[in-house]
Structure formats: C-alpha cells, structure tokens
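In my numbering, the protein residues as written are 408 to 469.
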Ligand SMILES: [Zn+2]
C-alpha cells in the first residue's frame, strides 16, 4: 500500500520534473505488477495531454 502511494506520487512528480534513475526503476518495477498504478499513470497522462492541448502545446511523447 505504501509502495502504491509512493509510486503514484512519483508519477505525478514526473509531470513537473525529471525522475531520477532510481525512481524510474521503482516505477517500472512496480507498474507491471500493479493494475491500480497502471490505471493512475494512464489517467494522469491523459489529463496532461488534455491540459497541453488547452494551452496549444503539442503533447509530449515519452
Ligand atoms: Zn501500485
């Protein structure tokens, strides 16, 4: 549970700053085994793309 909390925080941090290598490794180790966090990642990337469209920016591909 605390892992999911940390991962979801890292996913939203990633919108504002580059994640460190160790942080990415944690995220990428966790996402394949956790449906909830995959859904969260999907959700925030959709939100971010929508926000960028509103500002007239191209969605960033990652
Ligand atoms: Zn999780």
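Where a beta carbon is used, it is the ideal one built from N, C-alpha and C, also for glycine. Being a predicted model, the structure only gives us computed values, none of them experimental.
task = In the DSSP assignment, find the unbroken alpha helix (DSSP H) run with residue 421 in it and report its ends.
result = Here residue 421 belongs to no alpha helix (DSSP H), and DSSP marks it neither H nor E.
ask   = Considering only residues of the same chain and omitting the five flanking positions on each side of residue 451, which have a CB-CB separation below 8 Å?
value = 418, 419 and 422
ask   = Among residues of its own chain, excluding the 5 on either side of residue 447, which ones have a beta-carbon nearer than 7 Å to its beta-carbon?
value = 415 and 418
message = Measuring only the C-alpha atoms, how far is residue 444 from residue 458?
response = 21 Å
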